[in-house]
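Here is the structure we will look at, set down as structure tokens.
There are 2 protein chains.
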Amino acid sequence: MQITGEMLIGGSAVRGTKGTLRAFDPARNAEIEPAFGAGGSAEVERACGFAAAAFDPYRLAPLETRARFIEAIADNIMALGDALIERAQAESALPKARLEGERGRTVGQLKLFASLAREGRWLTATLDSPLPDRKPLPRSDLRMQKIAVGPVAVFGASNFPLAFSVAGGDTASALAAGCPVVVKAHPAHLGTSELVGRAIQKAVQDAGLPEGVFSLLIGAGNEIGEALVAHPAIKSVGFTGSRRGGLALVDIASRRREPIPVFAEMSSVNPFFVLPGALAKRAESIANGFVESVTLGVGQFCTNPGLVLVLDSPQTKTFIDAAAQALAKKGAQTMLTPGIAAAYKDGIARRGDVNGVQAVAQGAQTDAACSALPALFATNATQFLAEAALEDEIFGPSSLIVTCADVGEMIKVTEYLEGQLTATLQVEPEDHELARQLLPTLERKAGRILANGFPTGVEVSYAMVHGGPFPATSDPRATSVGATAIDRFLRPVCYQDLPAALLPEAVQDDNPLKLWRLRDGKLAQS
Amino acid sequence: MQITGEMLIGGSAVRGTKGTLRAFDPARNAEIEPAFGAGGSAEVERACGFAAAAFDPYRLAPLETRARFIEAIADNIMALGDALIERAQAESALPKARLEGERGRTVGQLKLFASLAREGRWLTATLDSPLPDRKPLPRSDLRMQKIAVGPVAVFGASNFPLAFSVAGGDTASALAAGCPVVVKAHPAHLGTSELVGRAIQKAVQDAGLPEGVFSLLIGAGNEIGEALVAHPAIKSVGFTGSRRGGLALVDIASRRREPIPVFAEMSSVNPFFVLPGALAKRAESIANGFVESVTLGVGQFCTNPGLVLVLDSPQTKTFIDAAAQALAKKGAQTMLTPGIAAAYKDGIARRGDVNGVQAVAQGAQTDAACSALPALFATNATQFLAEAALEDEIFGPSSLIVTCADVGEMIKVTEYLEGQLTATLQVEPEDHELARQLLPTLERKAGRILANGFPTGVEVSYAMVHGGPFPATSDPRATSVGATAIDRFLRPVCYQDLPAALLPEAVQDDNPLKLWRLRDGKLAQS
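The listed protein sequences correspond, in order, to chains G and X.
My numbering puts the first residue of the first sequence at 25, with every later residue one more than the last.
My numbering puts the first residue of the second sequence at 25, with every later residue one more than the last.
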């Protein structure tokens with residue numbers, strides 16, 4: 025499949041006329057052909073108009089049609105073959121194996137959401153029987169199902185050109201919910217976006233669905249994305265990226281005549297607690313695993329462990345020394361974009377300048393272009409609590425070890441932290457009492473709590489939560505990964521005394537969709 | 025129980041020192057003793073501090089404790105006896121039977137949420153088994169439950185001194201979710217608020233729960249409510265009231281350092297469609313039922329049918345005439361407050377002045393104080409679409425009949441409408457084809473769709489949705505009435521590879537809470 029540099033507006037490929045932009049190969053330090061035409065408000069208007077027109081027919085089509093359509097997207101992505109991986113590699117400098125894994129994750133995610141669409145448990149079908157003889161007033165026949173909220177705008181992430189992008193989790197869950205999707209392509213991987221966008225466009229056509237179910241917009245600055253979020257047809261937004269970018273979209277969405285929710289996954293330092301028993305028994309192996317997690321993917325994960333909390337003890341030095349040694353062996357690697365690399369360089373320079381912060385180790389210099397040198401810092405809890413900037417996320421292969429004088433100080437630091445995507449405990453049975461003290465706070469602070477593992481790596485499954493209190497996300501009641509990501513794009517509708525002939529299938533008496541339903545307060549598949 | 029005019033801050037009764045305010049009897053046109061002391065930021069700070077301190081112990085207490093506590097609130101409210109009804113009557117001018125009914129509804133609602141708290145289905149317990157041998161990477165043990173979001177601020181409604189107030193649906197659902205609650209008393213029913221507040225305070229004490237589980241604040245202007253929503257300890261807000269009031273809270277909540285959701289139920293005209301077959305067969309009986317619904321409770325319901333859509337036909341005049349006749353027999357009645365009565369009077373005066381709007385009927389003058397005269401207006405669709413103000417809610421016993429020239433125009437008007445709490449269809453089997461054309465739009469526009477009934481009267485049940493797209497509410501994904509109101513105050517937390525000894529009960533292997541859980545994608549009570 026040829027990359028043409030066009031936007032995909034419904035069933036058409038449209039060349040933008042508001043200037044051109046090109047993808048960039050950070051490893052070669054060079055632009056990549058072809059030039060992409062940037063779109064403007066006219067294309068936002070057309071894409072959103074198509075999406076609005078497609079909404080009712082798409083959401084009302086049989087669930088089996090919806091499921092097969094989403095499966096076809098997965099198949100079409102696989103059919104792109106090596107061309108997709110090669111383009112993504114050029115645009116991101118991520119290794120081939122990682123991108124193949126990410127493609128597998130993306131395709132698996134689409135298949136999970138296809139199976140959810142087919143199964144329909146998210147419809148939350150609920151029936152309350154009428155009570156015609158109730159006194160003083162009879163009760164009506166009440167039935168409820170969830171329906172799609174409307175067209176969704178999706179903004180892909182820089183760090184996952186496949187799994188959190190054009191056909192990533194936001195798109196997959198919105199399509200499964202019955203929402204048309206308008207994606208704003210991330211400028212860092214324009215070619216990858218077009219390839220995947222065409223895979224979706226083809227699936228829309230082959231399924232005979234209305235063309236507005238999917239569009240892909242391209243723009244150079246923030247304008248096209250802002251116009252997209254402001255468009256009245258858009259009813260919800262999915263975003264993964266920086267805190268500043270996420271908050272800008274939240275702001276636009278809240279100023280609309282009809283405010284809409286923005287599900288922005290933004291910023292997290294993912295505190296990593298090494299409790300005393302674990303420190304005593306496994307200081308070196310934890311240190312090694314931790315450094316692997318910090319440097320994995322050049323540290324470009326939302327779940328990177330950017331903050332370590334450890335109690336002061338004789339083994340603390342062992343842990344820090346082992347981590348420093350392991351990190352010093354890691355070479356500089358190419359980051360996703362020159363902008364990300366520059367921000368990282370700036371971030372670690374500023375961190376090293378903070379009073380009371382020691383630069384413990386840095387990785388080995390290489391001649392990689394656009395590169396990030398791993399960096400490990402250390403400080404104590406008093407200093408950490410005194411300097412707000414030490415809690416800021418530095419996106420890249422860096423972390424800060426904070427030594428706490430005692431348990432009270434560790435609890436104080438934990439309570440001080442902002443909202444997080446994850447919190448990790450390294451624990452042994454003798455640490456359970458301390459863990460029990462920390463857990464209520466960690467539940468309040470984080471969307472996912474891990475023990476004896478590392479936070480990088482986010483499983484796509486039923487129980488996953490990739491979310492958390494602000495600023496980890498803009499809405500802690502949601503997850504952007506896992507089956508319940510679909511809940512973001514649904515709203516309930518109640519039907520009171522509707523004639524049987526007019527009832528939606530999900531709440532008809534004979535349960536034609538064979539759903540699990542709540543009938544008079546009892547769950548049953550009837 | 026004595027009404028003292030004090031606030032309830034945790035376990036204490038505190039007299040505010042920021043001026044005094046009194047409740048008002050609109051029927052007698054006179055203030056009611058005693059004077060209430062208004063609080064300020066110091067009391068907000070104390071109440072929120074207590075709530076934050078109570079959060080972990082309250083949410084982590086056994087569900088049975090939580091359920092019994094909520095049941096005790098219901099019992100304590102009943103134990104207030106006639107004193108509660110009499111005070112509510114004086115403060116609202118609502119009839120005794122209505123207030124007794126509303127008390128029954130409030131108590132029933134508390135018992136429903138107590139049973140939900142005990143049953144725990146809302147925990148959404150989900151378990152994904154580990155796959156240690158999976159290639160290329162093993163899968164961890166992943167478990168998820170929902171936990172309470174944190175302390176909730178509740179603003180009661182003027183029109184339901186019991187069911188949407190201190191111990192109303194917002195409080196009941198927040199307490200059931202595990203959230204401490206800080207209520208800002210509605211100034212229109214201060215005495216009722218104190219009585220109910222003391223019933224809750226006693227239940228907190230009797231259950232041995234931390235005092236911060238409940239506080240009741242009193243203030244004269246908007247300041248205390250604004251400080252409450254802005255307080256960092258507050259994590260969510262429940263509000264029922266005007267569009268302006270709701271949007272002001274949404275704005276404050278979005279400007280916080282940590283933005284929080286506001287669930288505001290605000291404004292709805294509840295379109296009422298009389299389809300041709302129903303019009304031909306039942307014009308008069310529909311007209312009579314409609315007028316009863318418009319004037320019920322002096323029209324002071326969020327679900328009042330304020331807009332009628334009817335196709336132009338020979339029977340249209342029959343319907344309008346019958347409605348006019350029925351309405352003309354309705355006398356003026358006392359509204360909840362002088363402010364509401366003045367706003368109503370102003371609203372109907374302005375509506376009558378709109379070009380192309382006919383005043384079809386008005387109710388009979390009486391000498392009721394603070395009264396509202398029922399008023400019925402009519403116009404055509406062209407006029408309705410040309411004048412945005414005609415879609416505004418007039419809170420009180422008034423409605424506007426809009427005649428549409430044909431089906432196309434009816435669909436056009438439907439599509440033009442803002443979000444609504446309800447939409448009602450009067451249909452006969454011969455109308456089903458037209459109803460099918462309208463339903464997709466109604467689903468997009470409203471939280472509840474009724475057939476052959478009237479929208480006033482909101483059942484508290486599992487399938488109820490009292491919500492809808494903006495401006496009906498600030499979040500169409502939520503309901504403020506019915507079992508799923510609890511979902512507003514919950515967020516998911518995932519536990520990855522947590523040692524069994526540290527797992528919360530809801531996700532322990534042997535299912536000690538006997539919950540319905542999703543295990544590897546399958547629902548089972550195991």
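All residues carry an ideal CB built from backbone N, CA and C; glycine is no exception.
Just so we're clear, the structure is a prediction, and the values are computed from it rather than from any experiment.
Per DSSP, which residues does Y486 (chain X) bridge with? Please list them.
-> Beta-bridge pairing links Y486 (chain X) to no other residue.
Return yes when the Cβ of L351 (chain G) is within less than 9 Å of the Cβ of Q386 (chain G), no when it is not.
-> Yes, these two residues count as a Cβ contact at 9 Å.
is_contact[W146 (chain G), chain X] using C-beta, thresh 9 Å | Not closer than 9 Å to any Cβ of chain X, the Cβ of W146 (chain G) fails to qualify, so no.
Any beta-carbon of chain X closer than 9 Å to the one on Y486 (chain G)?
-> Chain X, which has a Cβ nearer than 9 Å to the Cβ of Y486 (chain G), makes this yes.
Check V207 (chain X) in the structure and name its three-state DSSP category.
-> The three-state secondary structure of V207 (chain X), taken from DSSP, is strand.
Name the chain G residues that come within less than 7 Å of T150 (chain X), Cβ to Cβ?
-> Under the 7 Å cutoff, chain G gives Y486, A487.
Reference P495 (chain X); option with closest CA among X:N294, X:M168, X:T150, X:A201 | With distances taken between Cα atoms, P495 (chain X) lies closest to X:N294.
At 7 Å on the CB atoms, spell out the chain X contacts of L166 (chain G), in chain order.
-> Here the neighbours are E483, S485, A487, M488.
Use the C-beta contact count for K208 (chain X): other C-beta atoms within 10 angstroms, 16 or more gives buried, fewer gives exposed.
-> Buried is the call here.
What residue does the alpha helix (DSSP H) around Q229 (chain X) start on, and which one ends it?
-> For Q229 (chain X), the enclosing alpha helix (DSSP H) begins and ends at 214-230.
Which chain G residues sit within Cβ distance under 9 Å of S498 (chain X)?
-> Chain G residues near S498 (chain X): P283.
Would you kindly work out how many angstroms separate the C-alpha atoms of S423 (chain G) and L87 (chain X), rounded to a whole number?
-> C-alpha separation (whole angstroms): 40 Å.
Between the stretch 175-190 of chain G and the stretch 247-267 of chain G, are three or more C-beta pairs nearer than 8 Å?
-> The stretch 175-190 of chain G, when compared against the stretch 247-267 of chain G, does touch it at the 8 Å Cβ threshold.
Tell me whether the beta-carbon of F296 (chain X) lies closer than 9 Å to the beta-carbon of T427 (chain X).
-> A distance of 9 Å or more separates the beta carbons of F296 (chain X) and T427 (chain X).
Can you check whether the CB of V334 (chain G) is closer than 9 Å to the CB of L526 (chain X)?
-> Between L526 (chain X) and V334 (chain G), the C-beta spacing is not below 9 Å.
What are the start and end residues of the beta strand (DSSP E) that includes N404 (chain G)?
-> DSSP places N404 (chain G) inside the beta strand (DSSP E), whose first and last residues are 399-404.
Cα-Cα separation, E143 (chain G) to L539 (chain X) | Roughly 21 Å separates the two Cα atoms.
DSSP on G262 (chain G), reduced to helix/strand/coil?
-> Reduced to three states, the DSSP call for G262 (chain G) is strand.
Three or more beta-carbon pairs under 8 Å between the stretch 85-102 of chain X and the stretch 299-317 of chain X, yes or no?
-> Judged by Cβ distances under 8 Å, the stretch 85-102 of chain X makes no contact with the stretch 299-317 of chain X, as fewer than three pairs qualify.
Paired residues, beta bridge with L240 (chain X) - DSSP = Beta-bridge annotation (DSSP): L240 (chain X) is paired with X:L32, X:V207.
Using a Cβ cut-off of 8 Å, pull out every chain X residue sitting near H456 (chain G), in sequence order please.
-> In chain order: P523, A525, L526.
Are P119 (chain G) and A393 (chain G) closer than 9 Å when you measure CB to CB?
-> No, Cβ-Cβ distance for P119 (chain G) and A393 (chain G) is not below 9 Å.
When the Cα of P500 (chain X) is compared with those of G:P285, G:E124, G:E218, G:S498, which residue comes out closest?
-> The shortest Cα separation from P500 (chain X) among G:P285, G:E124, G:E218, G:S498 belongs to G:P285.
List the endpoints of the continuous beta strand (DSSP E) containing S423 (chain X).
-> Membership of S423 (chain X) in the beta strand (DSSP E) is indicated by the continuous run 422-428.
Beta carbon of G471 (chain G) nearer than 9 Å to that of V517 (chain X) | With respect to V517 (chain X), G471 (chain G) sits close: the two C-beta atoms are nearer than 9 Å.
Return helix, strand or coil for A396 (chain G), following the three-state DSSP convention.
-> The DSSP-derived three-state label of A396 (chain G) is strand.
Residues in the stretch 107-119 of chain G with C-beta within 9 Å of chain X's C-beta atoms, listed in sequence order?
-> Hits within the stretch: zero.
Classification of R234 (chain X) by the beta-carbon crowding that lies within 10 angstroms, buried from 16 upward = The identity of residue 234 (chain X) in the sequence shown is Pro, whereas the question assumes Arg. The C-beta of P234 (chain X) has 16 or more other C-beta atoms within 10 Å across all chains shown, which makes the residue buried.
Can you find a CB in chain A that lies within less than 9 Å of the CB of Q520 (chain X)?
-> Going by chain labels, chain A is absent from the structure shown, which instead holds the protein chains G and X.
May I ask you to list the residues that DSSP assigns as paired with A288 (chain X)?
-> Secondary-structure assignment with DSSP links A288 (chain X) through a beta bridge to X:F263.
What residues of chain X sit near P204 (chain G), judged by a beta carbon separation below 9 Å?
-> Here the premise fails: no neighbours, minimum Cβ distance about 13 Å.
Segments assigned alpha helix (DSSP H), at least 4 residues, entirely inside the stretch 160-202 of chain X = For the stretch 160-202 of chain X, whole alpha helix (DSSP H) runs of length 4 or above, ordered along the chain, are 193-201.
Closest to P58 (chain G) by CA distance: which of G:E67, G:F48, G:S266, G:A66 is it?
-> By alpha-carbon distance to P58 (chain G), the top candidate from G:E67, G:F48, G:S266, G:A66 is G:F48.
Give a yes or no on whether the minimum CB-CB distance between L186 (chain G) and chain X is below 9 Å.
-> Residue contact with chain X for L186 (chain G): absent (no Cβ-Cβ distance below 9 Å to any residue of chain X).
So which residues on chain X does N552 (chain G) lean against when the C-beta distance must stay under 7 Å?
-> Residue 552 (chain G) is absent from the model: chain G starts at 25 and stops at 550.
Give me whichever residues DSSP pairs with V517 (chain X) in a beta bridge.
-> For V517 (chain X), which the question treats as bridged, DSSP gives the partners X:Q169.
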